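**Student:** Take the position in the sequence shown, starting the count at 1, then add 4; the result is the number in the working numbering.
Even for Gly, the Cβ is constructed at its ideal location relative to N, Cα and C.
Model, not experiment: these values are computed from the prediction.
Let me begin by handing over the structure; questions about it come next.
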Amino acid sequence: MDEARFREQVAAQGYGEVVLSDWAPGTVNEMHTHDFSASILVLDGELTVTYEDGSVRTCRAGDQNALS
Numbered sequence: 005m006d007e008a009r010f011r012e013q014v015a016a017q018g019y020g021e022v023v024l025s026d027w028a029p030g031t032v033n034e035m036h037t038h039d040f041s042a043s044i045l046v047l048d049g050e051l052t053v054t055y056e057d058g059s060v061r062t063c064r065a066g067d068q069n070a071l072s
């Protein structure tokens, strides 16, 4: 999926603002939670997400994933 289609899709799903984040390779964010649902689209590289239940998913360029 490309960024334009992603923006259209999340707007249709009722999401608000789309925020672009750019992290340097190897960046590790501390474990955290959100008090809202989120959806991601990886534009370049990959992002590994660990969920509260311990499951892990790696998303690569073009992958979309809902985070809740």
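Looking at the strands, I want to know which residues DSSP matches up with T62.
**Tutor:** As a position in the sequence shown, residue 62 is number 58, starting the count at 1. In DSSP, T62 forms a bridge with T52.
**Student:** Just verifying my parser: in three-state terms, what is the DSSP assignment at Q13?
**Tutor:** In the sequence shown, counting from the first residue as 1, residue 13 sits at position 9. DSSP places Q13 in the helix class (H, G or I) of the three-state scheme.
**Student:** What are the boundary residues of the beta strand (DSSP E) that includes N69?
**Tutor:** Working through the sequence shown from its first residue, we reach residue 69 at position 65. From DSSP, the beta strand (DSSP E) with N69 extends over Q68 to L71.
**Student:** The beta strand (DSSP E) spanning S43 covers which residue range?
**Tutor:** As a position in the sequence shown, residue 43 is number 39, starting the count at 1. A42 to L45 is the extent of the beta strand (DSSP E) around S43.
**Student:** Just the Cα atoms here: how many angstroms apart are N33 and V53?
**Tutor:** For the purposes of this step, residue 33 is taken as the residue at position 29 of the sequence shown. For the purposes of this step, residue 53 is taken as the residue at position 49 of the sequence shown. Straight-line spacing of the CA atoms in N33 and V53 works out to 10 Å.
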